[in-house]
Amino acid sequence: MVPTHYYVILSAVLFGLGVIAFIFKRNIITIFMSIELMLNAVNLAFVAFSQVWHRLDGQVFVLFVIVVAAAEAAVGLGIIILTARNRRSLNIERVDLLKL
Amino acid sequence: MSAPVIIFFVLAAMCVIGAISLILQRHPIHSALSLIVVMVALAGLYLLMGAEFVAAVQIIVYGGAIMVLFVFVIMLLNAGLEQRTNVSKLAGFAGIPLAVALTGLLAAAVARSEDAVQAATQTGATAPTKALANLLFQDFVYPFELTSFLILVAILGAIVLAGPRSET
């Protein structure tokens, strides 16, 4: 049987890769995808601990995270479409109104 | 090594390779396909842990709905190759070391955690979906109903943001 900390370490690695993608990607859509990757990494840890303690609360939380991610994807992609229309570009460098 | 451990390592390798491919691919549609690989492999890991309902929801909602939305937007905006520009100096120098340090800290915290977590193995016993439903519709019924409201607001927001321009 698989030890639980394997799962948690895999979750940490995936989260770190999501952070790296978030920092280094230049395309707005890909940056948004790296956020989804981080959410997935956290879901993995939730399910792993839920199975350790034999309590299903963690899995219910995962369902809520998925729902919130779906809502976030809908609104976020709407914002991306709007930004792409206004800036005529998907490059994050072009969206710098809040940059110092 | 027993069979579950081997399956775990295969799926974990798929996850990590998919995530690295998401970073290295320059075309957004290739990144999206890499992310789908990660999500399907994660669904396999959920099945390995015995969380079958979560695995099904992962494939249907994440691999199906959300990623179709992403691919649809990529096609709609006709997204081309990512332009390489200079990343900011702070991100360039400190980004990868800090992200690796974050991963290392998390992994170290797990490695030094309570023996209860260390010793616990995933038995792979399936979590009863009926118990999950009872929990979701009894203890968590108000949050569950609130999510329907959240989705309604999200639909309205998406229509207002991306819908037809109102003439002002």
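If you're matching them up, the sequences are chains A and B in order. Here the working numbering is used: the first residue of the first sequence is 1319, the next is one more, and so on. Here the working numbering is used: the first residue of the second sequence is 4, the next is one more, and so on. Think of the CB as a built atom: it goes at the ideal place given N, C-alpha and C, for glycine as much as any other residue. Keep in mind the model is a prediction, meaning the values are calculated, not measured.
Under a Cβ-count criterion, where at least 16 other Cβ atoms within 10 Å of its own Cβ denotes burial, should Ala-114(B) be classed as buried or exposed?
For the purposes of this step, residue 114(B) is taken as residue 111 along the second sequence, with counting starting at 1. Classification of Ala-114(B): exposed, given that the 10 Å Cβ count is below 16.
With distances taken from CA atoms, which of Ser-1352(A), Ile-1346(A) and Ala-1363(A) is nearest Leu-1433(A)?
Outside the displayed range of chain A (1319 to 1418) lies residue 1433(A), so it cannot be described from this structure.
N- and C-terminal bounds of the alpha helix (DSSP H) containing Leu-1374(A):
Walking along the first sequence from the start, residue 1374(A) turns up at place 56. First-last for Leu-1374(A): undefined, no H or E at that position.
Entirely within the region 1329-1353 of chain A and at least 3 residues each: give me those beta strand (DSSP E) ranges in chain order.
Segments of the beta strand (DSSP E) lying fully in the region 1329-1353 of chain A: there are none.
Give me whichever residues DSSP pairs with Asn-1409(A) in a beta bridge.
Position 91 of the first sequence, counting from 1, holds the residue named residue 1409(A). Note: Asn-1409(A) sits in a beta bridge opposite Asn-1345(A).
Quick one: what's got a C-beta closer than 8 Å to Val-1383(A)'s C-beta in the same chain, skipping five residues either side?
Reading the first sequence from its first residue, position 65 is the one you call residue 1383(A). Excluding residues within five positions, the ones whose Cβ falls inside 8 Å are Leu-1357, Val-1360, Asn-1361 and Phe-1364.
Do the CB positions of Leu-48(B) and Leu-14(B) come within less than 8 Å of each other?
In the second sequence, the residue the question calls residue 48(B) occupies position 45. In the second sequence, the residue the question calls residue 14(B) occupies position 11. Contact flag set, yes.
CB of Leu-1374(A) within 8 Å of CB of Leu-1355(A), strictly:
Numbered from 1 along the first sequence, position 56 holds the residue referred to as residue 1374(A). Numbered from 1 along the first sequence, position 37 holds the residue referred to as residue 1355(A). At a Cβ-Cβ threshold of 8 Å, Leu-1374(A) and Leu-1355(A) do not count as neighbours.
Cβ neighbour criterion (16 or more within 10 Å) applied to Phe-140(B)
Counting from 1 along the second sequence, the entry for residue 140(B) is found at position 137. Under this definition Phe-140(B) is an exposed residue.
Contact with chain B by Asp-1375(A), beta-carbon distance below 8 Å
Here the question's residue 1375(A) lines up with position 57 in the first sequence. Judged by the 8 Å Cβ criterion, Asp-1375(A) is in contact with chain B.
From which residue to which residue does the alpha helix (DSSP H) around Phe-152(B) run?
Working through the second sequence from its first residue, we reach residue 152(B) at position 149. Residues 144-165.
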